[in-house]
Amino acid sequence: METRASYVIIGLFVVLTFAGGLLAVLWLSHASNREAYHYYDIVFNETVSGLSYGSKVEYSGIQIGTVSTLKLDKNDPATVWARIKVAADTPVKQDTVAMLAYNGITGTSIIQLSLGSAASPPLETSPEQVAVIRATPSPLRQLLTDGGDLMSNVNGMVSRLNQLLSEENMHNVASILKNVDKTTNALENQNQKMSEILNNVMGASLHLNQLLARADGQSHALFRKTDRALGALEESSLTFRELIKNNQGAINSGLSGFGEFAPLLQEMRYTLQILAGIGHKMEDNPGSYLLNGETYKEYTPQ
15 METRASYVII GLFVVLTFAG GLLAVLWLSH ASNREAYHYY DIVFNETVSG LSYGSKVEYS
75 GIQIGTVSTL KLDKNDPATV WARIKVAADT PVKQDTVAML AYNGITGTSI IQLSLGSAAS
135 PPLETSPEQV AVIRATPSPL RQLLTDGGDL MSNVNGMVSR LNQLLSEENM HNVASILKNV
195 DKTTNALENQ NQKMSEILNN VMGASLHLNQ LLARADGQSH ALFRKTDRAL GALEESSLTF
255 RELIKNNQGA INSGLSGFGE FAPLLQEMRY TLQILAGIGH KMEDNPGSYL LNGETYKEYT
315 PQ
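FYI, in the numbering used here the residues of the sequence shown are 15 to 316.
Structure (C-alpha coordinates):
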(Lines of atoms letter the chains of each structure in order from A and count residues from 1; the text may use other names and numbers.)
(Lines give C-alpha, C1' and ligand atoms only; values in the text may rest on other atoms or scores of the structure.)
Protein backbone atom coordinates (compact mmCIF):
# COMPACT_ATOMS: atom_id res chain seq x y z
CA MET A 1 0.00 0.00 0.00
CA GLU A 2 2.81 2.38 0.81
CA THR A 3 4.59 1.35 -2.40
CA ARG A 4 1.47 2.15 -4.49
CA ALA A 5 1.10 5.56 -2.84
CA SER A 6 4.68 6.45 -3.63
CA TYR A 7 4.12 5.62 -7.31
CA VAL A 8 1.10 7.91 -7.41
CA ILE A 9 3.07 10.76 -5.88
CA ILE A 10 5.95 10.25 -8.28
CA GLY A 11 3.58 10.15 -11.29
CA LEU A 12 1.76 13.23 -10.13
CA PHE A 13 5.07 15.03 -9.69
CA VAL A 14 6.18 14.06 -13.19
CA VAL A 15 2.91 15.24 -14.72
CA LEU A 16 3.04 18.56 -12.89
CA THR A 17 6.67 19.02 -13.85
CA PHE A 18 5.87 18.32 -17.52
CA ALA A 19 2.89 20.65 -17.48
CA GLY A 20 4.93 23.36 -15.83
CA GLY A 21 7.69 22.97 -18.37
CA LEU A 22 5.18 23.09 -21.23
CA LEU A 23 3.57 26.22 -19.83
CA ALA A 24 6.96 27.81 -19.41
CA VAL A 25 7.87 27.02 -23.00
CA LEU A 26 4.58 28.40 -24.27
CA TRP A 27 4.95 31.55 -22.17
CA LEU A 28 8.51 32.09 -23.32
CA SER A 29 7.50 31.44 -26.91
CA HIS A 30 4.64 33.91 -26.66
CA ALA A 31 6.85 36.50 -25.04
CA SER A 32 9.54 36.11 -27.66
CA ASN A 33 6.89 36.20 -30.39
CA ARG A 34 5.51 39.48 -29.02
CA GLU A 35 8.99 40.93 -28.95
CA ALA A 36 9.97 39.64 -32.44
CA TYR A 37 6.85 40.86 -34.31
CA HIS A 38 4.69 43.98 -34.58
CA TYR A 39 1.03 44.06 -35.58
CA TYR A 40 -0.54 46.60 -37.93
CA ASP A 41 -4.04 47.01 -39.35
CA ILE A 42 -4.59 47.80 -43.02
CA VAL A 43 -7.91 49.13 -44.34
CA PHE A 44 -8.76 48.21 -47.93
CA ASN A 45 -11.57 50.00 -49.79
CA GLU A 46 -11.52 47.43 -52.56
CA THR A 47 -11.97 43.71 -52.99
CA VAL A 48 -9.08 41.59 -51.72
CA SER A 49 -9.46 38.62 -54.05
CA GLY A 50 -6.67 36.09 -53.55
CA LEU A 51 -5.74 37.41 -50.08
CA SER A 52 -6.19 34.97 -47.19
CA TYR A 53 -4.90 34.09 -43.75
CA GLY A 54 -1.16 33.47 -43.94
CA SER A 55 -0.64 35.46 -47.18
CA LYS A 56 2.79 37.01 -47.46
CA VAL A 57 3.64 40.58 -46.52
CA GLU A 58 6.62 42.02 -48.41
CA TYR A 59 8.82 45.05 -47.90
CA SER A 60 11.18 45.98 -50.76
CA GLY A 61 10.51 42.57 -52.29
CA ILE A 62 11.44 40.65 -49.10
CA GLN A 63 8.91 38.74 -47.02
CA ILE A 64 8.79 40.32 -43.57
CA GLY A 65 5.51 38.87 -42.26
CA THR A 66 2.13 37.35 -42.92
CA VAL A 67 -1.57 38.17 -42.75
CA SER A 68 -2.93 37.13 -39.36
CA THR A 69 -6.63 38.06 -39.68
CA LEU A 70 -9.13 39.28 -42.29
CA LYS A 71 -12.54 40.73 -41.52
CA LEU A 72 -15.20 43.03 -42.93
CA ASP A 73 -15.94 46.41 -41.44
CA LYS A 74 -19.10 46.32 -39.32
CA ASN A 75 -20.40 49.63 -40.65
CA ASP A 76 -19.28 49.26 -44.27
CA PRO A 77 -19.11 45.75 -45.74
CA ALA A 78 -17.22 47.11 -48.76
CA THR A 79 -14.28 47.87 -46.44
CA VAL A 80 -11.89 45.05 -45.47
CA TRP A 81 -9.64 45.08 -42.40
CA ALA A 82 -6.47 43.04 -42.60
CA ARG A 83 -4.16 42.62 -39.61
CA ILE A 84 -0.58 41.78 -40.48
CA LYS A 85 2.27 40.47 -38.38
CA VAL A 86 5.66 41.74 -39.47
CA ALA A 87 9.17 41.55 -38.11
CA ALA A 88 9.78 44.04 -35.32
CA ASP A 89 12.82 45.50 -37.06
CA THR A 90 10.82 46.43 -40.18
CA PRO A 91 11.15 50.22 -40.67
CA VAL A 92 7.45 51.01 -41.00
CA LYS A 93 7.06 54.83 -41.31
CA GLN A 94 4.06 57.06 -40.80
CA ASP A 95 3.86 57.66 -44.56
CA THR A 96 4.23 53.96 -45.42
CA VAL A 97 1.36 52.72 -47.56
CA ALA A 98 0.12 49.20 -48.30
CA MET A 99 -0.94 47.86 -51.67
CA LEU A 100 -2.31 44.57 -52.98
CA ALA A 101 -0.21 42.74 -55.55
CA TYR A 102 -0.78 39.51 -57.42
CA ASN A 103 1.74 36.75 -56.93
CA GLY A 104 2.60 35.51 -60.41
CA ILE A 105 0.17 33.20 -62.18
CA THR A 106 -1.03 31.41 -59.03
CA GLY A 107 -3.87 33.88 -58.52
CA THR A 108 -2.94 34.55 -54.89
CA SER A 109 -2.44 38.05 -53.55
CA ILE A 110 0.20 39.51 -51.27
CA ILE A 111 0.55 42.80 -49.43
CA GLN A 112 3.42 45.10 -50.34
CA LEU A 113 4.56 47.90 -48.03
CA SER A 114 6.21 51.00 -49.44
CA LEU A 115 9.50 52.30 -48.07
CA GLY A 116 8.29 55.70 -46.94
CA SER A 117 10.41 58.84 -46.84
CA ALA A 118 13.63 59.03 -44.86
CA ALA A 119 12.42 62.06 -42.87
CA SER A 120 9.15 60.40 -41.80
CA PRO A 121 9.10 59.16 -38.15
CA PRO A 122 8.40 55.47 -37.33
CA LEU A 123 4.80 54.33 -37.00
CA GLU A 124 4.36 53.31 -33.35
CA THR A 125 2.12 50.32 -32.59
CA SER A 126 1.27 48.16 -29.57
CA PRO A 127 -0.98 45.17 -28.78
CA GLU A 128 -3.39 47.51 -27.00
CA GLN A 129 -3.44 50.17 -29.74
CA VAL A 130 -2.65 48.65 -33.14
CA ALA A 131 -1.52 51.27 -35.69
CA VAL A 132 -3.31 51.58 -39.02
CA ILE A 133 -1.42 51.66 -42.35
CA ARG A 134 -3.07 53.51 -45.21
CA ALA A 135 -3.82 51.44 -48.32
CA THR A 136 -3.78 52.57 -51.94
CA PRO A 137 -5.58 50.92 -54.88
CA SER A 138 -3.54 48.27 -56.62
CA PRO A 139 -2.34 48.91 -60.18
CA LEU A 140 -4.42 46.00 -61.40
CA ARG A 141 -7.53 47.45 -59.77
CA GLN A 142 -6.78 50.84 -61.34
CA LEU A 143 -6.24 49.12 -64.67
CA LEU A 144 -9.54 47.29 -64.39
CA THR A 145 -11.34 50.49 -63.38
CA ASP A 146 -9.75 52.53 -66.12
CA GLY A 147 -10.20 49.60 -68.48
CA GLY A 148 -13.93 49.68 -67.87
CA ASP A 149 -14.05 53.34 -68.83
CA LEU A 150 -11.80 52.61 -71.78
CA MET A 151 -14.03 49.80 -72.98
CA SER A 152 -17.06 52.07 -72.66
CA ASN A 153 -15.31 54.66 -74.79
CA VAL A 154 -14.26 52.02 -77.31
CA ASN A 155 -17.81 50.67 -77.50
CA GLY A 156 -19.11 54.19 -78.07
CA MET A 157 -16.54 54.76 -80.81
CA VAL A 158 -17.42 51.46 -82.48
CA SER A 159 -21.11 52.36 -82.35
CA ARG A 160 -20.50 55.76 -83.92
CA LEU A 161 -18.21 54.16 -86.51
CA ASN A 162 -20.95 51.72 -87.44
CA GLN A 163 -23.36 54.62 -87.85
CA LEU A 164 -20.81 56.47 -89.96
CA LEU A 165 -20.26 53.45 -92.20
CA SER A 166 -23.95 52.77 -92.69
CA GLU A 167 -25.24 51.98 -96.18
CA GLU A 168 -26.88 55.38 -96.53
CA ASN A 169 -23.73 57.24 -95.54
CA MET A 170 -21.62 55.12 -97.88
CA HIS A 171 -24.03 55.97 -100.71
CA ASN A 172 -23.70 59.66 -99.83
CA VAL A 173 -19.92 59.38 -99.79
CA ALA A 174 -20.00 57.72 -103.23
CA SER A 175 -22.18 60.57 -104.53
CA ILE A 176 -19.81 63.14 -103.08
CA LEU A 177 -16.85 61.44 -104.75
CA LYS A 178 -18.67 61.47 -108.09
CA ASN A 179 -19.45 65.17 -107.71
CA VAL A 180 -15.83 65.86 -106.80
CA ASP A 181 -14.72 64.00 -109.93
CA LYS A 182 -17.12 66.03 -112.07
CA THR A 183 -15.96 69.25 -110.45
CA THR A 184 -12.34 68.30 -111.07
CA ASN A 185 -13.01 67.65 -114.75
CA ALA A 186 -14.92 70.93 -115.05
CA LEU A 187 -12.05 72.80 -113.40
CA GLU A 188 -9.62 71.17 -115.81
CA ASN A 189 -11.68 72.39 -118.77
CA GLN A 190 -11.97 75.82 -117.21
CA ASN A 191 -8.21 75.87 -116.74
CA GLN A 192 -7.77 75.36 -120.49
CA LYS A 193 -10.21 78.19 -121.21
CA MET A 194 -8.51 80.40 -118.67
CA SER A 195 -5.18 79.68 -120.36
CA GLU A 196 -6.63 80.82 -123.68
CA ILE A 197 -8.09 83.94 -122.07
CA LEU A 198 -4.78 84.74 -120.41
CA ASN A 199 -2.97 84.30 -123.72
CA ASN A 200 -5.45 86.69 -125.37
CA VAL A 201 -5.05 89.16 -122.52
CA MET A 202 -1.27 88.96 -122.85
CA GLY A 203 -1.54 89.57 -126.60
CA ALA A 204 -3.87 92.52 -126.03
CA SER A 205 -1.52 93.91 -123.41
CA LEU A 206 1.39 93.66 -125.85
CA HIS A 207 -0.62 95.40 -128.57
CA LEU A 208 -1.71 98.07 -126.10
CA ASN A 209 1.90 98.65 -125.11
CA GLN A 210 2.80 99.09 -128.77
CA LEU A 211 -0.07 101.54 -129.26
CA LEU A 212 0.93 103.49 -126.19
CA ALA A 213 4.53 103.61 -127.38
CA ARG A 214 3.35 104.84 -130.77
CA ALA A 215 1.06 107.40 -129.16
CA ASP A 216 3.92 108.55 -127.00
CA GLY A 217 6.06 109.06 -130.11
CA GLN A 218 3.25 110.89 -131.92
CA SER A 219 2.67 113.14 -128.94
CA HIS A 220 6.34 114.04 -128.87
CA ALA A 221 6.19 114.82 -132.61
CA LEU A 222 3.09 116.95 -132.04
CA PHE A 223 4.77 118.83 -129.25
CA ARG A 224 7.81 119.42 -131.48
CA LYS A 225 5.56 120.74 -134.27
CA THR A 226 3.75 122.97 -131.82
CA ASP A 227 7.06 124.26 -130.50
CA ARG A 228 8.23 125.01 -134.05
CA ALA A 229 4.94 126.77 -134.83
CA LEU A 230 5.14 128.83 -131.68
CA GLY A 231 8.76 129.59 -132.45
CA ALA A 232 7.82 130.69 -135.94
CA LEU A 233 5.00 132.80 -134.50
CA GLU A 234 7.36 134.38 -132.00
CA GLU A 235 9.92 135.00 -134.75
CA SER A 236 7.20 136.53 -136.91
CA SER A 237 6.10 138.72 -134.02
CA LEU A 238 9.65 139.94 -133.52
CA THR A 239 10.00 140.54 -137.22
CA PHE A 240 6.70 142.37 -137.20
CA ARG A 241 7.77 144.54 -134.31
CA GLU A 242 11.11 145.23 -135.96
CA LEU A 243 9.36 146.02 -139.20
CA ILE A 244 6.96 148.36 -137.49
CA LYS A 245 9.82 150.02 -135.73
CA ASN A 246 11.93 150.36 -138.84
CA ASN A 247 9.06 151.48 -141.05
CA GLN A 248 7.25 153.70 -138.65
CA GLY A 249 7.69 156.64 -140.95
CA ALA A 250 6.54 154.72 -144.01
CA ILE A 251 3.50 153.38 -142.18
CA ASN A 252 2.58 156.86 -141.17
CA SER A 253 2.77 157.90 -144.78
CA GLY A 254 1.02 154.64 -145.88
CA LEU A 255 3.30 153.98 -148.86
CA SER A 256 6.89 152.78 -148.55
CA GLY A 257 6.59 149.83 -146.05
CA PHE A 258 3.69 147.97 -147.63
CA GLY A 259 5.87 145.85 -149.92
CA GLU A 260 7.76 144.25 -146.97
CA PHE A 261 4.71 143.97 -144.73
CA ALA A 262 2.70 141.73 -147.09
CA PRO A 263 4.97 138.59 -146.78
CA LEU A 264 4.94 138.90 -143.02
CA LEU A 265 1.18 138.92 -142.90
CA GLN A 266 1.08 135.89 -145.17
CA GLU A 267 3.48 133.99 -142.84
CA MET A 268 1.43 134.83 -139.75
CA ARG A 269 -1.75 133.75 -141.50
CA TYR A 270 -0.22 130.39 -142.48
CA THR A 271 1.00 129.78 -138.92
CA LEU A 272 -2.41 130.54 -137.45
CA GLN A 273 -4.00 128.15 -139.95
CA ILE A 274 -1.66 125.35 -138.79
CA LEU A 275 -2.48 125.97 -135.14
CA ALA A 276 -6.22 126.08 -135.87
CA GLY A 277 -6.03 122.81 -137.82
CA ILE A 278 -4.18 121.09 -135.00
CA GLY A 279 -6.74 122.33 -132.49
CA HIS A 280 -9.68 121.05 -134.58
CA LYS A 281 -8.14 117.62 -135.07
CA MET A 282 -7.31 117.31 -131.37
CA GLU A 283 -10.88 118.27 -130.49
CA ASP A 284 -12.57 115.94 -133.03
CA ASN A 285 -10.49 112.74 -132.61
CA PRO A 286 -7.46 113.11 -130.34
CA GLY A 287 -6.74 109.35 -130.25
CA SER A 288 -6.61 108.97 -134.03
CA TYR A 289 -4.51 112.07 -134.37
CA LEU A 290 -2.03 110.96 -131.70
CA LEU A 291 -1.75 107.41 -133.12
CA ASN A 292 -1.71 108.23 -136.89
CA GLY A 293 -0.37 111.73 -136.85
CA GLU A 294 -0.19 114.13 -139.80
CA THR A 295 2.77 115.70 -141.46
CA TYR A 296 2.79 119.42 -142.15
CA LYS A 297 5.20 121.11 -144.42
CA GLU A 298 7.22 123.76 -142.76
CA TYR A 299 6.46 127.10 -144.18
CA THR A 300 9.31 129.05 -145.66
CA PRO A 301 8.74 132.75 -145.97
CA GLN A 302 8.95 134.02 -149.56
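Note that beta-carbon positions come from the ideal geometry of N, C-alpha and C, so glycine has one too. Owing to the predicted nature of the structure, the values given are computational and were not obtained by experimental measurement.
Residue i and residue j closer than 9 Å at C-beta
| i | j | result |
| --- | --- | --- |
| Ile-119 | Leu-65 | no |
| Val-81 | Ala-101 | no |
| Pro-151 | Glu-60 | yes |
| Ile-98 | Val-62 | no |
| Asn-169 | Gln-177 | no |
| Tyr-53 | Val-144 | yes |
Selection from the options that minimises the alpha carbon distance to residue i
| i | options | result |
| --- | --- | --- |
| Val-111 | Ile-147, Ser-63 and Ile-98 | Ile-147 |
| Gly-130 | Gln-206, Gln-77 and Tyr-73 | Tyr-73 |
| Leu-127 | Pro-141, Gln-143 and Gln-77 | Gln-77 |
| Asp-109 | Ala-33, Ile-190, Ala-149 and His-52 | Ala-149 |
| Thr-93 | Phe-58, Asn-117, Lys-207 and Ala-115 | Phe-58 |
| Asp-55 | Gln-204, Gln-206 and Thr-83 | Thr-83 |
| Tyr-51 | Gln-287, Ser-140 and Gly-34 | Ser-140 |
| Ala-115 | His-221, Ser-69 and Ala-33 | Ser-69 |
| Met-113 | Glu-142, Asp-90 and Gly-75 | Gly-75 |
Counterpart residues of residue i in DSSP-defined beta bridges
| i | result |
| --- | --- |
| Phe-32 | According to DSSP, Phe-32 bridges with nothing at all. |
| Gln-126 | Glu-72 and Met-113 |
| Ile-288 | Paired residues: none, contrary to the question. |
| Pro-135 | DSSP, once it has assigned bridges, lists no residue as partnering Pro-135. |
| Val-57 | Trp-95 |
Near the ligand FAD: residue i beta-carbon under 8 Å from a heavy atom
| i | result |
| --- | --- |
| Thr-104 | This structure does not include the ligand FAD; it has no bound ligands of any sort. |
Counting pairs of Cβ atoms below 8 Å between the segment 133-141 and the segment 103-110, do you hit three or more?
Contact holds: three or more Cβ-Cβ distances are below 8 Å.
Could you tell me which uninterrupted beta strand (DSSP E) segments, each at least 3 residues in length, are contained entirely in the segment 64-109, listed from first to last along the chain?
Listed in chain order, they are 70-73, 76-86 and 94-101.
Entirely within the segment 143-221 and at least 4 residues each: give me those alpha helix (DSSP H) ranges in chain order.
Correct list: 153-178.
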